[in-house]
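Reviewing the structure listed below.
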């Protein structure tokens, strides 16, 4: 079979790396001639993107999925999948995985299951069924998550494949200027600018980033900081920044579409997550932009940064360690440039969207081959 019909399902309602990747992969599959159907909740951010996207081989199906035992959602999904008959079902979150996987089992359609985050999965029946029983392959976003998956009862290593998030290097072009963003923020030429980009939720470590800022300012008083992204924790983080007296030092920009230009404006990109990460998309994006990165030792991040050869690794939940990592790059521009250069070379070789899609499509072929046996 030269082309597949893939049905992606996603029950999450936010707009973070996981949801972005589902939408990105759907569009890239269409670019390669495949057919894509996408099921998500009608009031989700992903649904908003789908409504504004049109392609002759793309089908968008809003379905309310309130929980794994939502019988109304199950019946709606069963009838839909029976009607459009995709070749493969690719599930992404817990709720949609339960509902869609049961449909796939009843209809004889093979299943791939993605695991995007490194939050541990409870290893007992029936919690791990959506990994051990239903899918022919489990696609993870990093080797650390793959290792977690293979420790689950009934999951063998040959069933798990790591496919890191890829970056579109035509969009994340290291030659893009960041001057306009710096002017918007009123940051002078040569003035250090440190940024955190991503959805704002508890385990992303925004509190530790805020705690690190005064420590950085003691050594570099003219440094400025920016937080880019929206999410459930936006208002709380803004309040904490204000309570710490950081109003004039930290700009909170909310959701932005000009992330490449923002990264071009930064001297340091920070990932302060305390858990949960697989291959966070913001790191390959920083690599592509030649923006030096400081990141916590969580998930697959240490491997991504080659244990410090492609960026500075710091301890999670440790504002002092985070501040020291930021200062290491601000106070040693030559080291920052060396690390960013290695990261860029690695990204160009291993983390492009073409590599990501080649590996993903190979997984789909494996799923079909396993189903044919």
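Residue numbers (the numbering used here): 319 to 691.
We put the CB at the ideal spot given by N, CA and C, even for glycine.
{"query": "If I measure Cβ to Cβ from residue 671 and keep anything under 7 Å in the same chain, skipping five residues before and after, which residues do I get?", "result": "346, 484, 485 and 486"}
{"query": "Alpha carbons only, please: which of 350, 686, 655 and 467 is nearest the one belonging to residue 596?", "result": "467"}
{"query": "Look up residue 337 in the DSSP assignment and say whether it is helix, strand or coil.", "result": "helix"}
{"query": "Measuring only the C-alpha atoms, how far is residue 559 from residue 666?", "result": "36 Å"}
{"query": "Any idea what DSSP makes of residue 598, helix, strand or coil?", "result": "coil"}
{"query": "Beta-carbon within less than 6 Å of residue 333's beta-carbon, same chain only, minus the 5 sequence neighbours each way: which residues are those?", "result": "363"}
{"query": "Which word fits residue 497, buried or exposed, when buried means at least 16 other C-beta atoms lie within 10 angstroms of its C-beta?", "result": "exposed"}
{"query": "Identify every residue that forms a DSSP beta bridge with residue 512.", "result": "543 and 586"}
{"query": "Can you pull the DSSP bridge partners for residue 355?", "result": "325 and 377"}
{"query": "So residue 431 and residue 406 are supposed to be a Cβ contact under 8 Å. How far apart are they, rounded?", "result": "With 8 Å as the limit, residue 431 and residue 406 do not qualify as a contact, their Cβ atoms being about 11 Å apart."}
{"query": "Is the distance from the Cβ of residue 692 to the Cβ of residue 674 below 9 Å?", "result": "The chain is shown only over 319 to 691; residue 692 falls outside these bounds and no answer can be derived."}
{"query": "Please classify residue 652 as buried or exposed, where buried requires at least 16 neighbouring CB atoms within 10 angstroms.", "result": "exposed"}
{"query": "Cβ of residue 546 within 9 Å of Cβ of residue 505?", "result": "no"}
{"query": "Assign residue 577 to one of three DSSP states: helix, strand, or coil.", "result": "helix"}
{"query": "Where does the unbroken alpha helix (DSSP H) through residue 685 begin, and where does it stop?", "result": "671–690"}
{"query": "If you drop the 5 nearest sequence neighbours on each side, which residues of the same chain put their C-beta closer than 8 Å to that of residue 335?", "result": "434, 483, 516, 517, 598, 599 and 600"}
{"query": "Straight-line CA distance for residue 340 to residue 681?", "result": "15 Å"}
{"query": "Only counting the same chain, and skipping five residues up and downstream in sequence, which positions put a Cβ closer than 7 Å to that of residue 530?", "result": "637, 640, 641 and 644"}
{"query": "Kindly list the residues whose CB is nearer than 7 Å to the CB of residue 707, restricted to its own chain and excluding five residues on each side of it in sequence; keep chain order.", "result": "Any answer about residue 707 is impossible in this case: the structure gives the chain only from 319 up to 691."}
{"query": "How is residue 637 classed by DSSP in three states: helix, strand or coil?", "result": "helix"}
{"query": "Could you check the C-alpha separation between residue 519 and residue 548 for me, to the nearest Å?", "result": "9 Å"}
{"query": "Give the secondary structure of residue 564 by DSSP, where H, G and I count as helix, E and B as strand, and everything else as coil.", "result": "coil"}
{"query": "Under DSSP, the alpha helix (DSSP H) around residue 457 begins and ends at which residues?", "result": "First-last for residue 457: 455–458, but that is the beta strand (DSSP E), not the alpha helix (DSSP H)."}
{"query": "My output table needs one value for residue 285: the three-state DSSP class, helix, strand or coil.", "result": "Absent from the model: residue 285. The displayed extent of the chain is 319 to 691, so no value can be given."}
{"query": "Helix, strand or coil for residue 399? Go by DSSP, reduced to three states.", "result": "helix"}
{"query": "Pull up the distance between the alpha-carbon of residue 358 and that of residue 452, whole angstroms please.", "result": "20 Å"}
{"query": "For residue 427 and residue 403, what's the separation of their Cα atoms in angstroms?", "result": "8 Å"}
{"query": "Under three-state DSSP, which class holds residue 644?", "result": "helix"}
{"query": "Could you compute how far the alpha carbon of residue 469 sits from the alpha carbon of residue 322?", "result": "31 Å"}
{"query": "With burial defined as no fewer than 16 other Cβ atoms inside 10 Å of the residue's Cβ, what is the status of residue 414: buried or exposed?", "result": "buried"}
{"query": "Per DSSP, what are the beta-bridge partners of residue 479 in this structure?", "result": "457"}
{"query": "Looking at the unbroken alpha helix (DSSP H) that takes in residue 654, where does it start and where does it end?", "result": "651–668"}
{"query": "Rounded to a whole number of angstroms, what is the C-alpha to C-alpha distance between residue 324 and residue 609?", "result": "35 Å"}
{"query": "Drop a sphere of 10 angstroms on the beta-carbon of residue 649, count the other beta-carbons inside from all chains shown, and report buried for 16 or more, exposed for fewer.", "result": "exposed"}
{"query": "Is DSSP giving residue 571 helix, strand or coil here?", "result": "strand"}
{"query": "Need the endpoints of the alpha helix (DSSP H) that residue 330 sits in, please.", "result": "Run containing residue 330: none; DSSP gives neither H nor E here."}
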